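Reviewing the structure listed below.
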Amino acid sequence: MSPGEAVAVVGENGSGKSTLLRICAGLIRPDQGRVSVNARVGYCPQEPGLIDLLTADEHLALFAPALGLSRERALHEGRRLLAELAFPVRDRSQARHLSGGARQKLNLALALIGDASLLLLDEPYQGFDHGAYVSFWEHVAGWKGDGLAVVIVTHLLTDTVFVDRVVELTASPERGAVVS
-8 MSPGEAVAVV GENGSGKSTL LRICAGLIRP DQGRVSVNAR VGYCPQEPGL IDLLTADEHL
52 ALFAPALGLS RERALHEGRR LLAELAFPVR DRSQARHLSG GARQKLNLAL ALIGDASLLL
112 LDEPYQGFDH GAYVSFWEHV AGWKGDGLAV VIVTHLLTDT VFVDRVVELT ASPERGAVVS
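Counting in this note's numbering, the sequence shown runs from -8 upward without gaps.
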C-alpha cells in the first residue's frame, strides 16, 4: 500500500478478512508465508475491545503508555477525535452504558490516536446511524489526504466506491483464503 491509499477488503463470511487484519496488526501469526508491515499501525477490531467499567477518558489514558503517549496527549488527541466523530465527549458513562454506535466511535478513536500511518479498520461503522456512516467516509477521505493508508473490511459492496482498490478474499477449503 501507498500513503494516502484506501483499500477495501471484501469477501464472504469465513474468507479470512478479519484474520488478515489481525495478522497485519501483529496480533496473530500467519499459518504460512509472511506479512511485512513497515508502518505505525492503528487497529480497530470489528468488536470493540472496550472494558465495560471504564469511561472514554479512562480508555484513552489506558492506551497511552502502549502507544508511547503521555496521558495528557492521549486525552487531548482522543477527545479531539471523539468530537470529530460526534461522540458525546463530556459523557462520563462507563462503556457498558454506551450505545453500539458510541462504543464503535470510541473503538475507532483508540485506533487513531498515536500517529498511525496505517489504519486497519474491521467493519468500523457497525452501529453507526446514517449520518455517522456518511461522516465516517468523509473522515476516510481526510485521512487519505493526510497521507494515511487505510484498509477497511466491509460487507457493503457500495463502500467500494469510496476506496482506491478492492481486495476480494474467497474461502477455499483446500487452500484457505485466496486473494483476487
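Every residue, glycine too, gets a C-beta built ideally from N, C-alpha and C.
It should be emphasised that the depicted structure is a prediction, and the values quoted were computed from it without experimental measurement.
{"Item": "Cβ-based neighbour list, A47, same chain, cut-off 6 Å, excluding 5 preceding and 5 following", "Value": "L97"}
{"Item": "For V26, the three-state DSSP class (helix, strand or coil)", "Value": "coil"}
{"Item": "Integer-rounded CB distance, given that G33 should sit under 8 Å from A107", "Value": "3 Å"}
{"Item": "Sub-9 Å separation of A(-1) and V144 beta-carbons", "Value": "yes"}
{"Item": "Status (buried if at least 16 other CB within 10 Å, exposed otherwise) for E114", "Value": "buried"}
{"Item": "DSSP-derived helix/strand/coil call for A140", "Value": "strand"}
{"Item": "Residues bridged to G2 [DSSP beta-bridge criterion]", "Value": "L160"}
{"Item": "G33 - containing beta strand (DSSP E), residue span", "Value": "32 to 35"}
{"Item": "When R13, E75, A55 are compared against G133, the one with the closest alpha-carbon", "Value": "E75"}
{"Item": "N-terminal and C-terminal residue of the beta strand (DSSP E) that D106 is part of", "Value": "First-last for D106: undefined, no H or E at that position."}
{"Item": "Cβ-Cβ distance between A65 and I104 below 9 Å", "Value": "yes"}
{"Item": "Burial state of R94 (16 or more Cβ within 10 Å)", "Value": "buried"}
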